Amino acid sequence: METHQQLLKILEALNRVSRGLRRSQDSPDSDLSAIKALDELRTASGLILSGDPLLVSLSQHLSSWLIRSHEVSRLAAEIESELDALIDRENVSNLTKKLAGMRCNAEASVVSSEEDQLFDQMSVLQERLSRGFDINLQDLLLKSGIFTELEWVLCNPLFSERVREKAAISMKELVLFNKDVFVGSVLIGGSVKALISMGSFCVPCKSSHR
């Protein structure tokens, strides 16, 4: 009698989880939670299910479903990683190309629309860096020489203060991304001097508005 009650509870629990999986097709997080619950139930109920000839088919379907679910999750993770790498490559490439084009016209005044585009691209980089360390992204950043390009913007008086400050913030995010790699570039470059210079210009401006 006790075994039958356990079996009934297991079947009811499996039924709830199975329904949850069908309802959570549009929600990956819910789907993973349901798969985990299903796996725990399968482990806990393995002896009872496999010991009853009438439930052997259910046990086999359950195991097959879990294998496929884990495979789908693994494949989805690989696809997500590859897509992130491609997006990172395009974003870093677009930013470096934009800055390289501006360097070619370094003597000319910077057009407002170009500054806006550069500001947006640096914002994208800043947001990506804030998500934490990634070895592939680090390799991409080092090969692109992005830190030097951002420092050029920071030290260039032809850019507006808004854009130069955004470059400084992006450089800060690079340092936070990996201090061991990027902090040395700050010390040997001209960014500290440029920040001090910007600060000296900002003080009178702020005081004039009081």
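Numbering of the sequence shown is given in numbering that gives the first Met the number 0, commencing with residue 0 and proceeding in unit increments.
Glycine included, each C-beta is placed from N, C-alpha and C at the ideal position.
Nothing here was measured: the structure is a model prediction, and the numbers come from that model.
Using the three-state DSSP reduction, which class does residue i fall into: helix, strand or coil?
| i | result |
| --- | --- |
| S29 | Legend: pLDDT at S29 = 49, less than 50; position of this residue unreliable, value from coordinates given subsequently. Note: S29 maps to helix in three-state DSSP. |
| S210 | Since the first residue of the chain shown is 0 and the last is 209, residue 210 is not available in this structure. |
| N135 | helix |
| A105 | coil |
| F181 | helix |
| S112 | helix |
| S68 | helix |
| G100 | helix |
| F118 | helix |
| S159 | coil |
| R221 | Outside the shown range of the chain, which is 0 to 209, sits residue 221, and nothing can be said about it. |
| S143 | helix |
| E169 | Note that residue 169 is Ser in the sequence shown here, rather than Glu. Three-state DSSP puts S169 in a helix. |
| R127 | helix |
Label residue i either buried or exposed according to how many other C-beta atoms from any shown protein chain fall within 10 Å of its C-beta, with 16 as the threshold for buried.
| i | result |
| --- | --- |
| V162 | buried |
| Q59 | exposed |
| V91 | buried |
| K165 | buried |
| E79 | exposed |
| E81 | exposed |
| E148 | buried |
| L173 | buried |
| F181 | buried |
Taking Cβ to Cβ, would you say residue i is nearer than 8 angstroms to residue j?
| i | j | result |
| --- | --- | --- |
| Q125 | S169 | yes |
| S143 | T95 | yes |
| D83 | L139 | no |
| K177 | F146 | Looking at the sequence provided, one finds Asn at residue 177 rather than Lys. Against a cut-off of 8 angstroms, the Cβ pair of F146 and N177 comes out as no contact. |
If distances are taken between C-alpha atoms only, which option among the options comes closest to residue i?
| i | options | result |
| --- | --- | --- |
| S122 | D133, I66, T147, A167 | A167 |
| E89 | L136, F181, S184 | L136 |
| W151 | A75, L85, V185 | V185 |
| R127 | V109, K171, K97, S108 | K171 |
| L141 | D179, V109, V110 | D179 |
| N93 | E113, S108, A76 | E113 |
Practice item. Inspect the CB distances between the segment 61–80 and the segment 114–123 and report whether three or more fall short of 8 angstroms. Key: The segment 61–80 is not in contact with the segment 114–123.
Point to revise | Cβ pair count under 8 angstroms reaching 3, the segment 94–104 against the segment 141–158 | key: The segment 94–104, when compared against the segment 141–158, does touch it at the 8 angstroms Cβ threshold.
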